[in-house]
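Counting from 1, one number per residue, gives the positions in the sequence shown under UniProt numbering.
The C-beta atom is built at its ideal place from N, Cα and C for all residues, glycine as well.
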Amino acid sequence: MLSKSSPGNTLLWVAAGAAAGTLAVWVMDRLDWYAYKRMPERDRQRTIDARPQGMDPAHVMADKVAGLAGKHVEQPHPAGMAIHYSLGMLPGALYGALYDKVPLLGAGRGSLFGLGLFLAQDEGLNTLMGLSGKPGEYPWQDHARGLAAHVLFGVVTDTAIRFLRNRL
Numbered sequence: 001m002l003s004k005s006s007p008g009n010t011l012l013w014v015a016a017g018a019a020a021g022t023l024a025v026w027v028m029d030r031l032d033w034y035a036y037k038r039m040p041e042r043d044r045q046r047t048i049d050a051r052p053q054g055m056d057p058a059h060v061m062a063d064k065v066a067g068l069a070g071k072h073v074e075q076p077h078p079a080g081m082a083i084h085y086s087l088g089m090l091p092g093a094l095y096g097a098l099y100d101k102v103p104l105l106g107a108g109r110g111s112l113f114g115l116g117l118f119l120a121q122d123e124g125l126n127t128l129m130g131l132s133g134k135p136g137e138y139p140w141q142d143h144a145r146g147l148a149a150h151v152l153f154g155v156v157t158d159t160a161i162r163f164l165r166n167r168l
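This is how it looks when you write it as C-alpha cells:
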C-alpha cells in the first residue's frame, strides 16, 4: 500500500479525486434528472425561464466562450457537457489531494463538502458570473434537488476516495 500522505503521492490523489469527482457528477446527474422530470410542468418552465437563454450554467459558460469566436452553443453540446464534468473533476481533485491534510474535509462522509459546493456554486457563483438567474427566480424544487444532488456528489466523492485509499 502506498503512503497516503507522502508528497510524491499527491499527484496520485489528485488523479484519484478527479476520477471520484467524475463518477460523482454522473451519479449526481441521475438524481437531478429524476427529480427534474417529476417536477410540475409549470415549475420546469419557471426553471427554463430563469436560466440565461434557457440553458444550464455549464452550457451558458460554453456559449460565452464560443461567443468570443463569434459562435453560439445550443444545449446539449459536448462543450457544455465537458464543462459540467470538469466542474465536478476539479473539486474532486482537490478533495483527493487534501483528504488527509484537512481533517474536517471528510466530515459527514462528504455531505458537508457537497453542501458547501451547492452553496458556493449553485446559490452563489453561478449567479455572480451570470451563468444562472437569481436564486429567487427559480422554484423551490430547483433548490431542493440542487441541494440533494450536491450532497450526493459529496458522498459519492468521499466514498470513492475512501475506497481507493484502502486499495492503493
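Item                                                                                                            : Value
Residue from A160, D142, L152, I161 with nearest C-alpha to K37                                                 : D142
Neighbour-count burial assignment, W13, 16 or more Cβ in a 10 Å radius                                          : buried
Test item: CB-CB of S132 and P52 under 8 Å                                                                      : yes
Within 8 Å, strictly: CB atoms of T22 and Y85                                                                   : yes
Range of the contiguous alpha helix (DSSP H) that encloses H150                                                 : 140 to 165
K37 in three-state terms, based on DSSP                                                                         : helix
M61 (DSSP reduced to helix, strand or coil)                                                                     : helix
Reduced DSSP category for G133 - H, G, I as helix; E, B as strand; rest coil                                    : coil
Rounded C-alpha distance that separates V73 from N126                                                           : 18 Å
Close-in-space but distant-in-sequence residues of the same chain around G92 (CB under 6 Å, 5 per side omitted) : G17, A18, A20, G21, T157
Member of G70, Q75, G114 whose CA lies at the smallest distance from the CA of M28                              : G114
DSSP-derived helix/strand/coil call for M55                                                                     : coil
Limits of the alpha helix (DSSP H) - the one that Y95 falls within                                              : 78 to 98
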